[in-house]
Amino acid sequence: PLCSLEGIITRSAWATSPKPPPPPPEGLQQGQRQIIENLMQVRFGELDESLIKVIDELLKLSPMESSRLLLESSREDLIRRFISE
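Just so we're aligned: 17 in the working numbering is position 2 of the sequence shown, and the numbers increase by one with no gaps anywhere.
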């Protein structure tokens, strides 16, 4: 039957069970770091010390902005923008 006691209890338990907590910000940042590293490796090859410094700066930006910069900027532009005095 559509309204069995077992079905009601099951739906009720499911509806009241707590949702899992969101991942911690560190986990999100680590995932974003991995995406940035992967994009940089595809575009520029091996990551040297200069590009690794750029990664830390890109992580301070929104994901949309960091993605845009990675897709539109040359290696030299990124270094000049983020680590040149």
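Glycine included, C-beta positions come from ideal geometry on N, C-alpha and C.
In this text the structure is predicted, and so the values were computed from the model without any measurement.
I believe Leu74 touches Ile98 by the beta-carbon criterion, under 8 Å. Please report the beta-carbon distance rounded to the nearest angstrom.
If you number the sequence shown from 1, residue 74 lands on position 59. If you number the sequence shown from 1, residue 98 lands on position 83. Wrong, their Cβ atoms sit about 14 Å apart, outside the cutoff.
Alpha carbons only, please: which of Asp63, Leu54, Leu62 is nearest the one belonging to Leu84?
Counting from 1 along the sequence shown, the entry for residue 84 is found at position 69. Answer by Cα proximity: Leu54.
Endpoints, alpha helix (DSSP H) assigned at Asp63
Taking the sequence shown and counting its residues from 1, one reaches residue 63 at position 48. Run containing Asp63: none; DSSP gives neither H nor E here.
Which value, in whole angstroms, describes the spacing of the CA atoms of Ser82 and Glu61?
As a position in the sequence shown, residue 82 is number 67, starting the count at 1. As a position in the sequence shown, residue 61 is number 46, starting the count at 1. Each residue's Cα considered, the two are about 19 Å apart.
Over the uninterrupted alpha helix (DSSP H) stretch that includes Leu84, give me the two end residues.
As a working mapping, residue 84 is identified with position 69 in the sequence shown. Its alpha helix (DSSP H) spans residues 78-87.
Relative to the C-alpha of Arg96, which candidate in Leu86, Glu72, Gln47 has its C-alpha closest?
Along the sequence shown, read from residue 1 onward, the residue named residue 96 stands at position 81. Arg96 has its Cα closest to that of Glu72, out of Leu86, Glu72, Gln47.
Separation of Glu41 from Lys68, as counted between CA atoms:
Numbered from its first residue, the sequence shown carries residue 68 at position 53. Numbered from its first residue, the sequence shown carries residue 41 at position 26. C-alpha separation (whole angstroms): 18 Å.
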